[in-house]
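K.L.:
Take a look at this one; I'll ask things after.
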Amino acid sequence: MKLFGTPGSPYVRKVRVALEEKRVAYEYVIESPSQPGSRVAQFNPLGKIPVLVLDDGSAIYDSPVIVECLDGLVAEPKLIPEAFADRIQVKRWEALGDGVADATVLISHDYRKPEAKRESPEWYEKQRRKIERGLATMAKDLGEREFCHGGRFSLADIAAGYALGYLDQVLQEIDWRAPYPSLKRLADRLAQRDSFRKTLPSAS
């Protein structure tokens, strides 16, 4: 199978961590939808990454669907629980991670614009508050546990880990470690996993 994406995309990293945890062999095609001649839109009509192209040529998108597909194709290790209540809680963590990443992406992209074309300070504060509320909820839900949900590693941990990692990558002005020591401990533990080490943008 082939994964289309770029090292800087947090959503691509989410999928890559899942692939590494599942120990699935895949070809990583580094390709931005905006680059000339990009094939991304051939596989995803929305022209967005990540896109996973399976061996039969079928394309899966976007990141939540890809991870769920992988969890169905490769039985172990299970990233999304079978039990309904546990499944919903893990998917809720994924929504939190995606939401924090969404707001971070918006701010990061706005920073790249000429100053005269940037959004208003009120818009910036709105995005920042989304991030801060998301982090506060993560920290509250994590508590003093080792894993985000249940007693084992899951998609919930991937979601928190990639969102925190992306903040470090593009928005260092938000210091989440001091106010949320439980998230710092989680991030430190995740950083020791091969799946997170191998998918760091600097290592990709």
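The letter at position 168 of the sequence shown is residue 161 when you use my numbering, and the numbering goes up by one with no holes. By construction, the Cβ of each residue, glycine as well, lies at the ideal position given by its N, Cα and C atoms. Computed from a predicted structure; not experimentally measured.
(1) Taking the alpha carbon of R138 as the reference point, which residue from F36, L128 and D150 has its own alpha carbon closest?
(2) Quick one, which of P43, S25 and P38 has its alpha-carbon nearest K(-5)'s?
(3) Relative to the alpha-carbon of D55, which residue among P70, I81 and P38 has its alpha-carbon at the smallest distance?
(4) Just confirm the distance between the C-beta atoms of G127 and L89, as a whole number of angstroms; I'd bet it's less than 8 Å.
(5) Just the Cα atoms here: how many angstroms apart are S31 and L45?
(6) Are the beta-carbon atoms of I124 and A78 separated by less than 8 Å?
(7) In angstroms, rounded to a whole number, what distance separates the CA positions of E61 and I73?
(8) Are there three or more Cβ pairs, one per stretch, closer than 8 Å when the region 171 to 189 is compared with the region 9 to 20?
(9) For V8, which of helix, strand or coil comes out of DSSP?
(10) For K133, count neighbouring C-beta atoms within 10 Å of its own C-beta (all shown protein chains included) and say buried if the count is 16 or more, exposed if not.
(11) Skipping 5 residues on each side, what residues in its chain have a beta carbon closer than 6 Å to that of D103?
(12) Could you tell me the boundaries of the beta strand (DSSP E) in which Y21 lies?
(13) Which residues in the same chain have their Cβ closer than 7 Å to the Cβ of P57, if we skip the five residues on either side of it in sequence?
(14) To the nearest angstrom, report how far apart P114 and D161 are at their CA atoms.
(15) Starting from the Cα of S175, find the closest Cα among R122, T130, V83 and Y159 and give me that residue.
P.N.:
Straight from the coordinates:
(1) D150
(2) P43
(3) P38
(4) 5 Å
(5) 15 Å
(6) no
(7) 7 Å
(8) yes
(9) helix
(10) exposed
(11) R111 and E112
(12) E20 to I23
(13) E87
(14) 22 Å
(15) T130
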